[in-house]
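Mapping the sequence shown onto our numbering, position 146 (from 1) lands on 173, and the numbers just tick up by one.
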Amino acid sequence: MAEQKVNLIGLSPTKLEDFFEEMGEKRFRATQVLKWIHQQGASSFDEMTNISKVLRERLSEVAEIREPEVLLDKTSKDGTRKWVIQMDGGSAIEMVLIPEGDRRTLCVSSQVGCSLDCSFCSTGKQGFNRNLSAAEIIAQLRVAIRSFGPFDPSGERRVSNVVLMGMGEPLMNFDAVFDAVQLMMEDNAYGLSKRRVTLSTAGVVPKIDKLAELGADVSLAISLHAPNNELRDQLVPINKRYPIEELMASVKRYFDKLSDRRVATIEYTLIAGVNDQREHARQLVKLLRQVPCKLNLIPFNPFPNSGYDRPSEQAIQAFKSEMLKGNILTTVRRTRGDDVDAACGQLVGQVEDKTRRSAKYIELHNQTS
Ligand code: SAH
């Protein structure tokens, strides 16, 4: 049986250096190849003109540069763009680009489905399928950049920010996410600053500590959604394993270790009658005073059979002003892209329809290719 080729798209700078060393080559080849793949968007070794023909041939025997296929590319009325991308083994994931002023934020997925089962999240309701590889995570960025025309990560219409807020819990897929994040921030690859790459987690405490230990230096967002353990146990079940006090302590450790003054982003999805009352706001103020952070309120995005509602605009504003009164820097996330099912918690659309929908995309695709 032919051995599977290594997909170089997902190798972190160090792993790519190791790869060349194992081939008996100099480690600096990694820098050249990183630039070809991530800055020039090369898809074949033939393009790599500063590498000898002999080495290029050897490379194409053992390695490849393989990008997943785009099954669907749709732009919402507000400019939000959504892609459905076909991964190996027939699974599909979704990716969203949100333009806002000078910023173009790409929201990438880290898993197919999710194992955490948060009660208000459509992705969670589908269950867990599998982890994405580092190549599959970083390829999302390549696909987005390529879709603006000639490949140019530093060009005007480039992706300026990346958030790991798509499908999946990034910290349950630690190694692949870690490598992908390194590539996003690597000067010889995408060169995004550490303030522009944000990992969002429901709170896998030991992995937050591991990020700190390894000096990942990525920005961190925490999906809190409740100001006390009783309520958070219901909304974000992983809270039963890592309760709020432990989570907050790990966030504090993480930011204490950073060399700059970045603060945590706390995400709080506002759900009518569930976590949006004045008492919740007051508890939240007390809690958030303990950590350097800013608060991002996300009005709940409804999906069929969720059993939850979005609070009224008035209730959202009342919650916000309660937080501001408590001196917590607070913003409300505007809902974007909901006409193409691209809003937070809506990825891969209707819950029950998930399997059939991805099957439908594939079917459609096969008909046109
Ligand atoms: N698992 C990670 C990454 C997902 S990020 C995490 O939990 O942080 C997606 C963000 O959108 C999370 O804050 C999530 O809680 C929130 N979200 C999920 N479903 C939502 C919904 N229906 N409406 C609004 N926000 C939602």
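Cβ coordinates follow ideal geometry from the N, Cα and C atoms, glycine included. None of these values were measured; they are calculated from a predicted model.
Exercise for the section: Check whether the Cβ atoms of residue 125 and residue 136 lie closer than 8 Å to each other. Expected result: For the purposes of this step, residue 125 is taken as residue 98 along the sequence shown, with counting starting at 1. For the purposes of this step, residue 136 is taken as residue 109 along the sequence shown, with counting starting at 1. For residue 125 and residue 136, no; Cβs fall outside 8 Å.
Handout entry: Cβ shell of residue 108 (< 6 Å), same chain only, five flanking positions each side left out
Key = Looking up residue 108 in the sequence shown gives position 81. For residue 108, where only same-chain residues beyond five positions count, the Cβ hits under 6 Å are 102, 124.
Handout entry: Three-way DSSP call (helix, strand, coil) for residue 325 in this model
Key = Position 298 of the sequence shown, counted from the first residue, corresponds to residue 325. Residue state, collapsed to three classes: strand.
Practice task
Mark residue 106 as exposed unless 16 or more other C-beta atoms lie within 10 angstroms of its C-beta, in which case mark it buried.
Solution key: Along the sequence shown, one-based indexing puts residue 106 at 79. Under the 10 Å beta carbon count, residue 106 is surrounded by fewer than 16 other beta carbons and is classified as exposed.
Problem - Given 8 Å, three or more beta-carbon pairs between the segment 226 to 233 and the segment 251 to 269 - result: yes
Problem - Buried versus exposed, by CB contacts within 10 Å (16 or more), residue 160 - result: As a working note, residue 160 is residue 133 in the sequence shown. Around the CB of residue 160, 16 or more other CB atoms lie within 10 Å, so the residue is classed as buried.
Problem - Given 8 Å, three or more beta-carbon pairs between the segment 48 to 61 and the segment 161 to 181 - result: no
Exercise for the section: For the alpha helix (DSSP H) holding residue 101, just list the boundary residues, first then last. Expected result: On the sequence shown, position 74 is the one that residue 101 refers to. Looking at the DSSP string, residue 101 is not in any alpha helix (DSSP H); the run it does join, the beta strand (DSSP E), is 96 to 102.
Problem - Nearest-angstrom Cα separation, counted from residue 67 out to residue 300 - result: Your numbering for residue 300 matches position 273 in the sequence shown. Your numbering for residue 67 matches position 40 in the sequence shown. Between residue 300 and residue 67, the C-alpha separation is close to 51 Å.
Problem - Touch test, the segment 195 to 202 against the segment 142 to 151, Cβ-Cβ under 8 Å, three pairs minimum - result: yes
Handout entry: Heavy atom of the ligand SAH within 7 Å of residue 195 beta-carbon
Key = As a position in the sequence shown, residue 195 is number 168, starting the count at 1. Yes, the beta carbon of residue 195 sits closer than 7 Å to at least one heavy atom of the ligand SAH.
Handout entry: Proximal residues to residue 358 (C-beta, below 8 Å), its chain only, five neighbours per side dropped
Key = Within the sequence shown, numbered from 1, the residue matching residue 358 stands at position 331. Within the same chain, residue 358 has close Cβ partners 321, 322, 323, 324.
Exercise for the section: Give a single yes or no on whether residue 252 has its beta carbon closer than 7 Å to a heavy atom of the ligand SAH. Expected result: Stepping through the sequence shown from its first residue, residue 252 is reached at position 225. Yes.
Exercise for the section: Could you tell me if the beta carbon of residue 325 falls within a distance shorter than 7 Å of some heavy atom in the ligand SAH? Expected result: For the purposes of this step, residue 325 is taken as residue 298 along the sequence shown, with counting starting at 1. In this structure, residue 325 has its CB closer than 7 Å to one or more heavy atoms of the ligand SAH.
Problem - the segment 270 to 289 / the segment 340 to 349 touching (three or more Cβ pairs under 8 Å) - result: In the pairwise beta carbon analysis, the segment 270 to 289 is classified as not touching the segment 340 to 349: fewer than three pairs are separated by under 8 Å.
Problem - Straight-line Cα distance separating residue 330 from residue 113 - result: Mapped onto the sequence shown, residue 113 falls at position 86. Mapped onto the sequence shown, residue 330 falls at position 303. Their Cα atoms are separated by approximately 23 Å.
Problem - Which of helix, strand or coil DSSP assigns to residue 302 - result: Your numbering for residue 302 matches position 275 in the sequence shown. It is coil, neither helix nor strand.
Exercise for the section: Taking the CB atoms as reference points, tell me whether residue 203 and residue 158 lie closer together than 8 Å. Expected result: Working through the sequence shown from its first residue, we reach residue 203 at position 176. Working through the sequence shown from its first residue, we reach residue 158 at position 131. In contact: residue 203 and residue 158 (Cβ atoms closer than 8 Å).
Handout entry: C-alpha distance - residue 346 paired with residue 45, whole-angstrom precision
Key = Locating residue 346 in the sequence shown gives position 319, counting from the first residue. Locating residue 45 in the sequence shown gives position 18, counting from the first residue. Distance between the alpha carbons of residue 346 and residue 45 is about 52 Å.
Exercise for the section: Going by CA-CA distance only, name the one from 366, 337, 246 that's closest to residue 319. Expected result: Counting from 1 along the sequence shown, the entry for residue 319 is found at position 292. Taking the Cα of residue 319 as reference, the smallest distance to any Cα among 366, 337, 246 is reached at 246.
Practice task
Going by DSSP, name the residue or residues bridged to residue 138.
Solution key: Along the sequence shown, one-based indexing puts residue 138 at 111. Partner(s): 158.
Problem - Proximity winner among 191, 252, 63, 313, relative to residue 351 (alpha-carbon distances) - result: As a working note, residue 351 is residue 324 in the sequence shown. Considering only 191, 252, 63, 313, the residue with the shortest C-alpha distance to residue 351 is 313.
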